[in-house]
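Undergrad: In this text, residue positions in the sequence shown follow our numbering: the first is 628, and each later residue adds one.
We put the beta carbon where it would ideally sit given N, CA and C, even for glycine.
Mind looking over this structure? Questions follow.
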Amino acid sequence: MNWLKKGILLFVLLTIASIGIHSWISNEEETLEKDNLNKTNEYEKENYVPVQEYTGEGFTLRNANPKTGEIAEANREKLEKAVKDFFLEDYKTAVKVHNIVSAMDGVSVFVESIGEPHFYAFAIVPVDVKNEVVKTDSVWSKEGQVESTIRSGLYVMAYEEEFAKLDELLEEIEAEYPVVGMNIEVAENTQGNGYNTPYYFPKTSFKSMYEKYLENPKITKEELRTYIEDEGFIPSEMSRVAIRFHMKESGVEPDEEVYDEIYNRIESSTDIPKARYYLKLNDNNIDRRSAIGEKHNTIDKTDIEAIQR
628 MNWLKKGILL
638 FVLLTIASIG
648 IHSWISNEEE
658 TLEKDNLNKT
668 NEYEKENYVP
678 VQEYTGEGFT
688 LRNANPKTGE
698 IAEANREKLE
708 KAVKDFFLED
718 YKTAVKVHNI
728 VSAMDGVSVF
738 VESIGEPHFY
748 AFAIVPVDVK
758 NEVVKTDSVW
768 SKEGQVESTI
778 RSGLYVMAYE
788 EEFAKLDELL
798 EEIEAEYPVV
808 GMNIEVAENT
818 QGNGYNTPYY
828 FPKTSFKSMY
838 EKYLENPKIT
848 KEELRTYIED
858 EGFIPSEMSR
868 VAIRFHMKES
878 GVEPDEEVYD
888 EIYNRIESST
898 DIPKARYYLK
908 LNDNNIDRRS
918 AIGEKHNTID
928 KTDIEAIQR
């Protein structure tokens, strides 16, 4: 009987201890969750700005060393010349420099092409912080990055009329619904991902058009389109167009009904470029440090299956 009482007592004590441990863990998790939420709210207050006001100020690359940007700015004239020469020699394209952003061991220089094909890109220039030297003889780009941006510009160049129709459609949508696009300065100063408008950016995997452009940088729109179609370019299978809108008013959540109507407008359009379309609707804020508008509340019904046009 004594052993039975002791067993019951031990069970009761263990149960009480277990409840106490679980309660402590629960309290710790709740405290951690509140701390994370507070940190998130503080970050948002400090870095989220209305998309209409944002043009790239405050854009920062991860693990950047601010000193590299200071040294680069002090040598801006030489740096700009080196970057322009790099694009002209390696990619047969004249560019202008929009922004210089500090990186870890150098700077990223954001540029825009002059004329057609039109695109935004960036090059990387190493900086020797210790000796305060900008290595203008070592300009480079990430493998395939500039080639991809040029292809996007060539795609738009070859299908100029269709993309003009897409521009019209998206401008109409902005006028009819409580949504806005981004300022084009965001593309100029932070994107570097190819052809860009306030509403969308296209991409294509068809490499042959880039190779043809290097052979003949003065190729006309008509010549380019004839060439790529003869070479088997199928836009609906080899290209994508990413469209992004923001809610016009601050503090308003992305509206699913508005999203669905925009989705249907794109899906039913017959004169816009053939491609796979991806559509995102964000709230009004954009992160000034990353230049990204997507958040937990972003609506994207095309993340798994694109709109086929």
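Looking only at its chain, what residues have a beta carbon closer than 8 Å to the beta carbon of residue 945, apart from the 5 residues adjacent to it on each side?
TA: The displayed coordinates of the chain run from 628 to 936. Any statement about residue 945 would go beyond what the structure contains.
Undergrad: Based on the DSSP output, what are the partners of residue 891 in its beta bridges?
TA: Answer is none; residue 891 lacks a bridge partner.
Undergrad: Less than 6 Å between C-beta atoms, sequence neighbours within five positions excluded: which residues of the same chain meet that for residue 867?
TA: Taken in chain order, the residues that qualify are 830, 902 and 903.
Undergrad: Taking the alpha-carbon positions, what's the residue 928 to residue 744 distance?
TA: So the two alpha carbons sit approximately 31 Å from each other.
Undergrad: Kindly indicate which residue of 715, 886 and 919 has the alpha-carbon position closest to the one of residue 801.
TA: Ranking the options by Cα distance to residue 801, first place goes to 886.
Undergrad: If residue 676 sits next to residue 913, beta carbons under 8 Å apart, how far is it from one beta carbon to the other, in whole angstroms?
TA: Contact holds; Cβ gap of about 6 Å.
Undergrad: Can you tell me where the beta strand (DSSP E) holding residue 908 begins and where it ends?
TA: First-last of the beta strand (DSSP E) with residue 908: 903–909.
Undergrad: In three-state terms, what does DSSP make of residue 932?
TA: Note: residue 932 maps to coil in three-state DSSP.
Undergrad: How about residue 575 and residue 695: are their beta carbons less than 8 Å apart?
TA: This structure does not reach residue 575, given that the chain is present from 628 up to 936, and the question cannot be answered.
Undergrad: Among 926, 776, 896 and 834, whose alpha-carbon lies nearest the alpha-carbon of residue 859?
TA: Checked all of 926, 776, 896 and 834; the closest Cα to residue 859 is 834.
Undergrad: For residue 794, which of helix, strand or coil comes out of DSSP?
TA: DSSP places residue 794 in helix when its eight states are reduced to three.
Undergrad: Can at least three beta-carbon pairs, one atom from the stretch 708–718 and one from the stretch 748–765, be found at a separation below 8 Å?
TA: Short answer: they touch.
Undergrad: Which partner residues of residue 701 appear in the DSSP bridge assignment?
TA: Residue 701 is not bridged to any residue.
Undergrad: Do you know offhand how far residue 775's Cα is from residue 820's?
TA: Those two C-alpha atoms are separated by around 8 Å.
Undergrad: Pick out whichever of 729, 864 and 724 has its Cα sitting closest to the Cα of residue 756.
TA: Nearest option by C-alpha distance: 729.
Undergrad: On the criterion of 16 or more Cβ atoms from any shown chain inside 10 Å, does residue 664 qualify as buried, or is it exposed?
TA: Annotation note: pLDDT 49 at residue 664 (below 50); position unreliable, no value reported.
Undergrad: Measuring only the C-alpha atoms, how far is residue 872 from residue 700?
TA: Going by the C-alpha atoms only, they are around 34 Å apart.
Undergrad: In the DSSP assignment, what residue or residues form a beta bridge with residue 874?
TA: Per DSSP, 806.
Undergrad: How would you write the range of the beta strand (DSSP E) that residue 723 sits in, first residue to last?
TA: Looking at the DSSP string, the run of the beta strand (DSSP E) that includes residue 723 is 722–729.
Undergrad: Measuring straight from C-alpha to C-alpha, what distance separates residue 853 and residue 790?
TA: Looking at the two C-alpha atoms, the distance is approximately 17 Å.
Undergrad: Just to confirm, does residue 746 get its C-beta within under 7 Å of one of the non-hydrogen atoms of the ligand ZN?
TA: Questions concerning the ligand ZN fall outside what the structure shown contains, since it holds no ligand whatsoever.
Undergrad: For the beta strand (DSSP E) that residue 733 lies in, which residues bound it at each end?
TA: From DSSP, the beta strand (DSSP E) with residue 733 extends over 733–740.
Undergrad: State the start and end residues of the unbroken beta strand (DSSP E) segment that holds residue 677.
TA: Looking at the DSSP string, the run of the beta strand (DSSP E) that includes residue 677 is 675–677.
Undergrad: Are the Cβ atoms of residue 752 and residue 738 separated by less than 8 Å?
TA: Cβ atoms of residue 752 and residue 738: not closer than 8 Å.
Undergrad: Can you give me the C-alpha to C-alpha distance between residue 842 and residue 828, rounded to a whole angstrom?
TA: Roughly 25 Å separates the two Cα atoms.
Undergrad: Let me check understanding here. Comparing Cα to Cα, which of 702, 688, 765 and 865 lies closest to residue 836?
TA: Of the candidates 702, 688, 765 and 865, the one whose C-alpha sits nearest the C-alpha of residue 836 is 865.
Undergrad: Given a cut-off of 8 Å, decide if residue 705 and residue 761 are closer than it, judged by their beta-carbon atoms.
TA: Contact: yes.
Undergrad: Mind checking which residues open and close the alpha helix (DSSP H) that includes residue 831?
TA: From DSSP, residue 831 is part of no alpha helix (DSSP H) but of the beta strand (DSSP E) over 827–831.
Undergrad: Just how far apart, CA to CA, sit residue 857 and residue 933?
TA: For residue 857 and residue 933, the distance between alpha carbons rounds to 26 Å.
Undergrad: Considering only the alpha carbon of each residue, which of 795, 810 and 809 lies closest to residue 803?
TA: Per the Cα distances, 795.
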